[in-house]
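Number of protein chains: 2
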Amino acid sequence: MTYGLGIRLDAGIVLMADTRTHAGVDNVARYRKLFTWQRPGEAAVGLCTAGNLSLTQGVINAVEEGVASAGARAPSVLDAPSMFAVAQLVGDTLRQVSAKYGAALSSAGVAASASILVGGEVGDGGPGLFLVYDAGNFIEAEADTPYFQIGELKYGKPILDRVVTVTTPIPTALKAGFISMESTTRSNLSVGLPLDVAVVPTAERRFALRRRFEDSDPGWKALSEAWSRGIVELLDRMPEVE
Amino acid sequence: MTYGLGIRLDAGIVLMADTRTHAGVDNVARYRKLFTWQRPGEAAVGLCTAGNLSLTQGVINAVEEGVASAGARAPSVLDAPSMFAVAQLVGDTLRQVSAKYGAALSSAGVAASASILVGGEVGDGGPGLFLVYDAGNFIEAEADTPYFQIGELKYGKPILDRVVTVTTPIPTALKAGFISMESTTRSNLSVGLPLDVAVVPTAERRFALRRRFEDSDPGWKALSEAWSRGIVELLDRMPEVE
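In structure tokens form, the structure reads like this:
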């Protein structure tokens, strides 16, 4: 399983993903699921993947090749005129990869689905966050729904619903995202640290933060423990119903 | 959908269930899913149901008939020697009902699954909480896993994992259950108030609480608002990671 989160704030785009994958409970591995490319000041694009790893790696490789060849062997997302165009490019690639392997995967009884979060800022269209589906179609996060989740989304949703709006500052959204991720790792063993995080502040067209948090990270541990203690204390202070 | 919760504490048994059912989003109705029977001081049994409503109502009617006829037309759960025997009786009934309608339901493409929480205290076996599956088999809540959820369980699980242990006092467990339910109703429209709650304190063999909380209940609203405010404040006080 995977838990990936994208938040679209007035202040910028936040992307997070865990790094655990598994094919059955006896085959658990660690794979990066958050990928970033940038030409600082001009273009910054992040992708967060969930679903069949062979499909999503196919997409990531195609995007990587486009950026590495500066668009010679494949279009480069960093040269796209807008985030909408980036989402289209990623969607088209995912559809092609899915079409190539989908039938064979299905006949082998393997789930051939994947979804990808696309966030960042390129060109003059402003920052954008998109959720791309198998078929290559996609939706954009807007003020009414400022976040997208992919993979194991349910355990971590309540905290986001209570806290995150489009006007939330980036540090608060980061903390909410951490708690959302922490709640999920507690309740579902197939989601686990390390956690990759990336932030693209509005109009900067660069990553202000690209970091991996290990399980042993003192900041992460302090947050995790403070939150657990805080929740118990908060519940104690709640009014009794009746 | 449904969200049902049972907690097995040293201090007693707590049962909660919402009352929303739906067959598609355009057919939403209100049905009771928490049922209780007692002979105060001797026996108190509560059932919480999820899944196909026709199957679970079949079980409830059979239990009801057993209690109403004092065991003449069907065995009465209130005369069972232990909660284990009650779980067996409920499981056998669910298996019979499932067997009767299961094939026809499946061929009509309708999910023929159901699950039932059985909690309370009868006879001399002490209090007990069981989760009964379709096949009539069941498991018992123990100190390591002091709660069971049925139906839409994920959104409401993190708060329980953080707060509830077997030594938690009943009022705290009630509040945790309310928050768990409130988080679920926020994130999944197919779970909704009113909420039914029942409590059987250990060794009392009677319901100390059997109550329905409406959406408009001032205590519920106060708790819901205080919690939302508290979470936002708690997040603000959390240490920044980095």
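Top line first, the protein sequences correspond to chains A and B.
Each residue of the first sequence is one higher than the one before, counting from 1 in the numbering used here.
Each residue of the second sequence is one higher than the one before, counting from 1001 in the numbering used here.
In this text, a Cβ means the ideal position worked out from N, Cα and C, and glycines have one as well.
Please check if any C-beta of chain A sits within less than 8 Å of the C-beta of residue i.
i: B/Tyr1155; result: yes
i: B/Ser984; result: Outside the modelled stretch of chain B, which goes from 1001 to 1242, sits residue 984 of chain B, for which no answer is possible.
i: B/Ile1150; result: no
i: B/Thr1172; result: yes
Using CA atoms only, rank isn't needed, just tell me which of the options is closest to residue i.
i: B/Gly1243; options: B/Ala1104, B/Ala1135, B/Gly1125, B/Lys1221; result: Outside the shown range of chain B, which is 1001 to 1242, sits residue 1243 of chain B, and nothing can be said about it.
i: A/Val200; options: A/Ala208, A/Val67, A/Leu193; result: A/Ala208
i: B/Arg1039; options: B/Glu1121, B/Pro1218, B/Arg1073; result: B/Glu1121
i: B/Asp1196; options: B/Arg1030, B/Asn1052, B/Leu1053; result: B/Arg1030
i: A/Val132; options: A/Gly123, A/Asp124, A/Gln149, A/Thr145; result: A/Gln149
i: B/Val1115; options: B/Ala1203, B/Ala1104, B/Gly1006, B/Ala1068; result: Before going on, a small fix: residue 1115 of chain B reads as Ser here, not Val. It is B/Gly1006 whose Cα lies nearest to the Cα of B/Ser1115.
i: B/Ala1050; options: B/Leu1078, B/Val1086, B/Thr1021; result: B/Thr1021
i: B/Ser1224; options: A/Leu235, A/Arg229, A/Gly230; result: A/Leu235
i: A/Gln88; options: A/Cys48, A/Ala72, A/Phe138; result: A/Phe138
i: A/Pro239; options: B/Ser1076, B/Ala1226, B/Thr1202, B/Leu1078; result: B/Ala1226
i: B/Asp1079; options: B/Lys1221, B/Met1181, B/Asp1161, B/Glu1042; result: B/Glu1042
i: A/Ala198; options: A/Leu160, A/Ala44, A/Arg237; result: A/Ala44
i: B/Phe1250; options: B/Ala1099, B/Arg1162, B/Phe1213; result: With chain B covering 1001 to 1242 only, the question about residue 1250 of chain B has no answer from this structure.
i: A/Arg162; options: B/Ala1074, B/Glu1182, B/Ala1068, B/Leu1174; result: B/Glu1182
i: A/Thr93; options: A/Ser106, A/Pro75, A/Ala104; result: A/Pro75
i: B/Phe1130; options: B/Gly1119, B/Thr1019, B/Pro1081; result: B/Gly1119
i: A/Ile231; options: B/Arg1206, B/Asp1217, B/Ala1176; result: B/Ala1176
i: B/Ile1013; options: B/Thr1036, B/Val1028, B/Ala1023; result: B/Thr1036
i: B/Leu1105; options: B/Leu1053, B/Glu1140, B/Ala1062; result: B/Leu1053
i: B/Ala1211; options: B/Lys1100, B/Arg1032, B/Glu1233; result: Here residue 1211 of chain B turns out to be Arg, not Ala, going by the sequence shown. Of the listed residues, the one whose Cα sits closest to B/Arg1211 is B/Arg1032.
Measure the Cβ-Cβ separation of residue i and residue j and say whether it is below 8 Å.
i: A/Gly128; j: A/Phe84; result: yes
i: A/Ala166; j: A/Ala143; result: Note on identity: in this sequence residue 166 of chain A is Val, with Ala being the wrong assignment. Taking 8 Å as the Cβ cut-off, A/Val166 and A/Ala143 qualify as a contacting pair.
i: B/Ala1112; j: B/Leu1055; result: yes
i: A/Pro169; j: A/Ala11; result: yes
i: A/Leu117; j: A/Leu193; result: no
i: A/Val241; j: B/Gly1219; result: yes
i: B/Gly1058; j: B/Gly1151; result: no
i: A/Ala173; j: A/Leu9; result: yes
i: A/Gly123; j: A/Pro81; result: yes
i: B/Asp1026; j: B/Val1191; result: no
i: B/Glu1065; j: B/Arg1073; result: yes
i: A/Val97; j: A/Val86; result: no
Mind checking if residue i is an interface residue toward chain B, Cβ cutoff 8 Å exclusive?
i: A/Phe178; result: yes
i: A/Met238; result: yes
i: A/Ile159; result: yes
i: A/Lys175; result: yes
i: A/Val241; result: yes
i: A/Arg162; result: yes
Answer yes or no: the CB of residue i versus the heavy atoms of the ligand ZN, is any distance below 7 Å?
i: A/Ile150; result: The model depicted lacks the ligand ZN and carries no ligand whatsoever.
When the cut-off is 8 Å and only beta carbons count, does residue i lie next to chain E?
i: B/Arg1162; result: Here the protein chains are A and B, and chain E is not one of them.
key: Near-chain A residues of the region 1217-1236 of chain B (beta-carbon distance less than 8 Å), N- to C-terminal order   = Asp1217, Gly1219, Trp1220, Ala1222, Leu1223, Ala1226, Trp1227, Ser1228, Gly1230, Ile1231, Val1232, Leu1234, Leu1235, Asp1236
query = Does the region 1138-1158 of chain B come close enough to the region 1179-1197 of chain B that 3 or more CB-CB pairs lie under 8 Å?
reply = The count of Cβ pairs closer than 8 Å, one atom from the region 1179-1197 of chain B and one from the region 1138-1158 of chain B, reaches three, so the stretches are in contact.
key: Proximal residues, the region 1100-1117 of chain B versus chain A, C-beta separation under 7 Å   = Result list empty, no residue passes.
Short-range partners of chain B found in the region 43-57 of chain A, where Cβ spacing is below 7 Å = none
task = Note down, in chain order, all residues in the region 1132-1146 of chain B with a beta-carbon under 8 Å from any beta-carbon belonging to chain A.
result = none
message = Counting only Cβ-Cβ distances shorter than 7 Å, please list the residues of the region 185-197 of chain A near chain B, keeping chain order.
response = Arg186, Ser187
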